[in-house]
Structure formats: structure tokens, C-alpha cells
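Chemist: Take the sequence shown: its position 2, counted from the start at 1, is -15 in the working numbering, and no numbers get skipped.
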Amino acid sequence: VGTTFPLRLATPSPNVPFLGLLSLGNAGIPLGDRNVPLSFDAMLTATLGSAAALGLAGVTDAAGSAAPGFVIPNVRSLIGLRLFVAAVTMDATQPFAIRHISNEQFFVIQS
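1) Under the three-state reduction of DSSP, which class applies to Gly41: helix, strand or coil?
2) Let me check one thing: in DSSP terms, what residues is Ser48 bridge-paired to?
3) Return the Cβ separation of Asn(-2) and Thr72 in integer angstroms, given the expectation that the two are a contact with Cβ distance under 8 Å.
4) Under the assumption that Thr(-6) contacts Gly47 (Cβ atoms under 8 Å), give the Cβ distance between them as a whole number of angstroms.
5) Taking its Cβ as the centre, do 16 or more other Cβ atoms sit within 10 Å of Gly32, making it buried, or is it exposed?
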């Protein structure tokens, strides 16, 4: 808690906006014939409203990579919380305005 958890995003798309999302599960959110590998829950909803403040939004570099960092609030009650994280790249010409969907990763917040 009170630190930044480093993440790495590698896509084939240079200079595109990305959005990282957090969830308490990984049941999958269907988007046409694709899935975002997270659960649609309160954590995901909260992330959508605060992704930039949490360090989970930005633009990929010229190689299509990004190094977002999840800013973990200094709230001790978060210790032990298991979170899943995934990212999407945005493209208005694609279905649901999403070009790429990452795999999910999980971690447990520790002190």
C-alpha cells in the first residue's frame, strides 16, 4: 500500500491510447466475439472513473509499448486484496472502439 505497482504493456500498435482496468475476478466481459478477461464488478466500475489517477491510462510509445504503474492508495484495508488487471488499446474504427485486449494478470496487495 502507498506504492506503485509497475506494469508492462506490449502491443503491435504504436502511439495509441490505452486503458488499464482492475477487477476482483476474471469471468470475462463479452465484446462481440472477443472478451475482456475481467469481471464486470464494482472494482472495474471504479477503475473506469479513475484510471488516469491510478496510473492506468496513457499512450503507447513508438514501439507500441507502455509502462503504466498502478498507484496503490495508502489504505491499509487493501492489504490482502486480490486484483486482476488487463488493458485495452483504443481505436474508434474498431468494434466497441477497442483494438487490442491484453491477457489478465493478478496480484495480491501486500504491506
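All C-beta atoms in this analysis are idealised placements derived from N, C-alpha and C, irrespective of residue type, glycine included. Note that the structure is a prediction, hence the values are computed from the model and not measured.
Modeler: The answer reads as follows:
1) Taking the sequence shown and counting its residues from 1, the one referred to as residue 41 is at position 58. Here Gly41 sits in strand by DSSP.
2) Residue mapping note: residue 48 aligns to position 65 of the sequence shown, counting from 1. Looking at the DSSP assignment, Ser48 forms a beta bridge with Ala(-7).
3) Position 15 of the sequence shown, counted from the start, is the residue given in the question as residue -2. Position 89 of the sequence shown, counted from the start, is the residue given in the question as residue 72. That pair is no contact at about 10 Å.
4) Position 11 of the sequence shown, counted from the first residue, corresponds to residue -6. Position 64 of the sequence shown, counted from the first residue, corresponds to residue 47. Yes, they are in contact, since the Cβ atoms of Thr(-6) and Gly47 sit about 4 Å apart, within 8 Å.
5) Within the sequence shown, the letter at position 49 stands for residue 32. By the 10 Å Cβ count, Gly32 comes out exposed.
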